[in-house]
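Notes to accompany the following structure.
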């Protein structure tokens with residue numbers, strides 16, 4: 141899984157290039173640091189009567205609320221004692237984790253640096269001594285909580301981990317770039333020298349420690365923070381040897397961190413939330429540095445594979461702005477849908493445009509924000525605390541990081557090329573060798589469905605039938621991860637989990653012929669009916685057939701069991717039990733959306749509402765009880 145570390149040992153070249161203290165002493169010879177003062181002046185709140193929405197560019201409108209909330213965050217920084225410089229307010233990370241040893245809390249040092257340096261008509265904090273003293277104290281505090289080897293802790297005083305050090309490298313790198321910008325207000329040279337040493341140590345331990353790289357192949361979003369962090373260092377300390385070393389590490393990580401199926405590993409499985417979220421931010425942060433270098437193609441190649449994977453698992457909902465996800469297979473977080481992505485990759489990867497925020501949508505959102513601010517200025521409300529993300533450093537990280545916004549027409553053209561929309565008949569397979577997991581995607585003219593089998597990467601995953609989607613009306617079935625009793629499958633007795641939540645292998649035939657074993661990493665299978673057969677331990681068996689007519693299932697299992705169906709319905713849809721069938725109808729449509737015809741039920745099916753995971757939709761759980769044998773069909 142993990143390759144030899146020889147390409148990155150040369151990252152130690154980076155050690156010898158460090159001359160930050162001397163360089164920044166010359167650049168910041170501005171007298172005694174205000175951090176030596178006995179008492180700190182308060183950071184004053186913003187007088188919004190002196191500024192207007194028109195003072196903000198379109199790209200700055202999202203800074204109105206952070207501007208309103210900055211003073212209480214800055215004033216919460218500890219002034220004295222061993223925790224001097226700690227941001228002692230619960231606005232970033234979970235309240236229970238807002239501890240002085242948690243380096244993740246200190247990522248908001250970037251917000252201090254941004255307001256201290258940003259030259260904006262509406263920003264009263266540029267060069268503010270009250271902000272400077274807190275910024276310098278925060279930088280020194282970060283250095284004091286760093287372990288001698290460069291690591292940082294998160295959940296306990298000695299809980300050193302990859303996330304803490306890699307995220308700090310990203311945010312501290314951008315912080316120091318802001319402070320080094322031409323014309324930036326003065327910062328104490330000795331404080332800056334120590335902060336550069338802190339960043340250097342964090343990068344070295346992340347890039348050269350084998351344990352961190354192995355963990356990075358398990359939590360790829362975490363390790364990915366080192367790319368923008370290291371690139372910030374190289375912008376501040378240009379060195380061709382160090383740049384080559386970082387490039388070698390990036391190239392090495394590409395096959396180690398990404399499944400041949402296309403997803404980036406998160407606990408050995410696919411996770412949409414972390415990849416769309418943190419990984420996407422890492423891409424936006426790193427891209428300005430590498431877009432005109434040979435590393436650009438490395439990045440484009442891995443992102444092309446990722447968006448290829450996403451295209452099989454993302455389901456546009458007709459008439460809605462959101463896109464449903466195949467969340468049954470998500471390995472860490474819970475994300476049933478997303479609205480769009482904002483990524484520079486859309487300029488180079490046409491498939492990414494299918495999911496992108498468009499120029500027209502962005503313009504409409506900006507206009508709506510200006511309309512709102514015109515009638516409710518500044519409209520920020522009080523700062524929420526305790527809270528996990530009411531004041532996020534990501535607002536300041538992404539200020540200059542570009543995204544490519546296609547037009548509506550460009551987005552629609554690429555969306556029409558999604559597999560589920562471009563073709564009406566296929567059997568497509570993906571395979572991940574780490575867990576020997578197979579992912580099938582089946583399309584017929586009336587429907588599109590997914591099915592997963594093999595070894596789940598984490599207990600929250602639910603294999604089996606992940607989703608069923610209609611091209612005309614959208615998603616009909618969406619198995620839910622993590623939660624009990626909300627996934628498709630066979631539940632024995634009173635079990636809260638289906639058999640499909642555990643590891644299982646399947647025998648697969650296509651048009652009567654055995655499918656390749658293992659499945660290809662990413663390829664279409666032959667055309668024809670696809671049939672899976674797998675055991676239900678200890679003495680049962682299940683057959684699932686995907687045919688032109690629909691989906692046919694046979695369950696043989698001694699004893700009592702139930703078959704569960706997590707249906708996704710619109711507000712006016714109905715699910716009713718009729719003679720030998722559960723029928724889903726939509727008002728105004730003559731034909732049913734879905735008919736589940738069954739034989740072998742021991743009692744009448746049970747239909748119950750559950751918490752809805754998708755906007756403007758309901759989750760309706762259908763349970764069909766049986767004893768020994770149940771056969772059913774899904775028709776669309």
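Numbering (the numbering used here), first residue to last: 141 to 776.
Cβ atoms here follow ideal geometry from the backbone N, Cα and C, with glycine treated the same way.
Here the structure is a predicted model, which means the values were calculated and not measured.
- Judged by DSSP in its simplified three-state form, residue 272 adopts helix.
- In terms of Cβ geometry, residue 204 and residue 697 do not form a close pair [threshold 8 Å].
- Bridge pairing for residue 363: absent [DSSP].
- With a 10 Å radius around the Cβ and a threshold of 16 neighbouring Cβ atoms, residue 712 comes out exposed.
- If you ignore the 5 residues before and after residue 270, its C-beta comes within less than 7 Å of the C-beta of 180, 181, 182 and 183, all in its own chain and listed in chain order.
- Taking the CA atoms as reference points, residue 328 sits about 38 Å from residue 357.
- Within its own chain, the residues whose Cβ lies closer than 7 Å to the Cβ of residue 745, once the five positions on either side in sequence are excluded, are 717, 722, 762, 763 and 764, listed in chain order.
- Within its own chain, the residues whose Cβ lies closer than 8 Å to the Cβ of residue 750, once the five positions on either side in sequence are excluded, are 626, 706, 759, 760 and 761, listed in chain order.
- Per DSSP, the unbroken beta strand (DSSP E) holding residue 683 starts and ends at 680-686.
- Comparing alpha-carbon positions, the option among 273, 242, 265 and 315 lying closest to residue 284 turns out to be 242.
- Looking at the backbone, the Cα of residue 419 and that of residue 466 are separated by about 19 Å.
- Excluding its 5 nearest sequence neighbours in each direction, residue 589 has C-beta neighbours in its own chain below 6 Å: 582 and 608, listed in chain order.
- The DSSP assignment places complete alpha helix (DSSP H) segments of no fewer than 4 residues inside the segment 404-454 at 420-430 and 435-453, in order along the chain.
- DSSP places residue 229 outside both helix and strand once states are collapsed to three, so it counts as coil.
- Residue 773 is bridged by DSSP to 692 and 737.
- Take the alpha-carbon of residue 393 and the one of residue 194: they are about 45 Å apart.
- Within the model, the alpha-carbon separation for residue 371 versus residue 353 is close to 18 Å.
- When the Cα atoms are used, residue 662 and residue 440 turn out to be separated by approximately 18 Å.
- Assignment of residue 587 by DSSP, reduced to helix, strand and coil, places it in the strand class.
- Contact between residue 411 and residue 460 is absent: CB atoms are separated by about 23 Å, not below the 8 Å threshold.
- DSSP, reduced to helix, strand and coil, places residue 476 outside both helices and strands of the structure shown, so it counts as coil.
- Counting other Cβ atoms within 10 Å of its Cβ, residue 209 reaches 16 or more and is therefore classed as buried.
- Contact check between the segment 515-534 and the segment 224-237: three or more CB pairs, one atom from each, fall below 8 Å, which counts as touching.
- For residue 254, the enclosing alpha helix (DSSP H) has its first and last residue at 249-257.
- Contact between the segment 500-513 and the segment 214-227 is absent: fewer than three C-beta pairs spanning the two stretches fall below 8 Å.
- In this structure, the straight-line span from the alpha carbon of residue 737 to that of residue 724 is close to 11 Å.
- With three or more CB-CB distances shorter than 8 Å, the segment 590-602 counts as touching the segment 469-487.
- In this structure, 640 is the residue among 369, 667 and 640 with its C-alpha nearest to the C-alpha of residue 624.
- The beta carbon of residue 518 is closer than 6 Å to those of 188, 204 and 208 in its chain, skipping five residues each way along the sequence.
- About 7 Å separates the Cβ atoms of residue 342 and residue 312, confirming a contact at the 8 Å cut-off.
- With a beta-carbon spacing of about 20 Å, residue 570 and residue 600 fall beyond the 8 Å limit used to define contacts.
- Straight-line measurement puts the Cα of residue 704 at about 14 Å from the Cα of residue 743.
- The closest CA to that of residue 479, considering only 496, 489, 289 and 490, is found on 496.
- Fully contained in the segment 708-736 is no alpha helix (DSSP H) run of length 4 or more.
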